[in-house]
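Visitor: Note that the working numbering has the sequence shown beginning at 1, numbered continuously upward.
Cβ atoms here follow ideal geometry from the backbone N, Cα and C, with glycine treated the same way.
Would you mind keeping the following structure in view while I ask a few things?
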Amino acid sequence: MNSTYLPSDYLPVFIQLGLALAFIIVTMIVTHNIGPKRKSQKKDAAFECGIPSEGDARTPISIKYFLIAILFVLFDVEVIFMYPWAVNFKTLGMAGFLEMVLFMGLLLAGFYYILRKGVLKWE
1 MNSTYLPSDY LPVFIQLGLA LAFIIVTMIV THNIGPKRKS QKKDAAFECG
51 IPSEGDARTP ISIKYFLIAI LFVLFDVEVI FMYPWAVNFK TLGMAGFLEM
101 VLFMGLLLAG FYYILRKGVL KWE
């Protein structure tokens, strides 16, 4: 087994890297040159599904919104772990069952903590 590498061994990698970079650069230059050049206030305005934009995009949003979104993702991902367990329930035996009971206990403890802190209460 030869553990020494020569610089020529990396030549295909450098060629592919060079070709990829050249493709990116050429594509950016070509699209910039052949793209439309007409600009107007109406054309440069923000457009969202045909609804005219109004207000400032920097308006403060309640932290509750982000907290609910993070909690949803957290608990959703934890519930996804139950599917492989349910599929392999018989092969995992009693040890697998006890591990899932521990997992569900920790999940419910976190949910109880969230309820006690009042995170899910809207004002």
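(1) Are the CB atoms of S53 and A46 within a distance shorter than 7 Å?
(2) I need the straight-line Cα distance from L6 to F14, nearest angstrom please.
(3) Spatial neighbours of N88 within its chain, please: C-beta separation below 8 Å, excluding the five flanking residues on both sides.
(4) Grouping DSSP H, G and I as helix and E and B as strand, with all else coil, what is E54?
(5) Using only the heavy atoms of the ligand NAD, determine whether one of them is closer than 6 Å to the beta carbon of F81.
(6) Could you tell me how far apart the beta carbons of E78 and L107 are, in whole angstroms, since I believe they sit closer than 8 Å?
(7) I need the straight-line Cα distance from L17 to I24, nearest angstrom please.
(8) Sorted by chain position, which residues of the same chain lie with C-beta nearer than 7 Å to L67's C-beta, five sequence neighbours on each side aside?
(9) Just the Cα atoms here: how many angstroms apart are P84 and W122?
(10) Going by DSSP, what residue range makes up the alpha helix (DSSP H) through F23?
Guide: The answer reads as follows:
(1) yes
(2) 13 Å
(3) G96
(4) coil
(5) Of ligands this structure carries none, so the ligand NAD is not represented either.
(6) 5 Å
(7) 11 Å
(8) V119
(9) 35 Å
(10) 11-34
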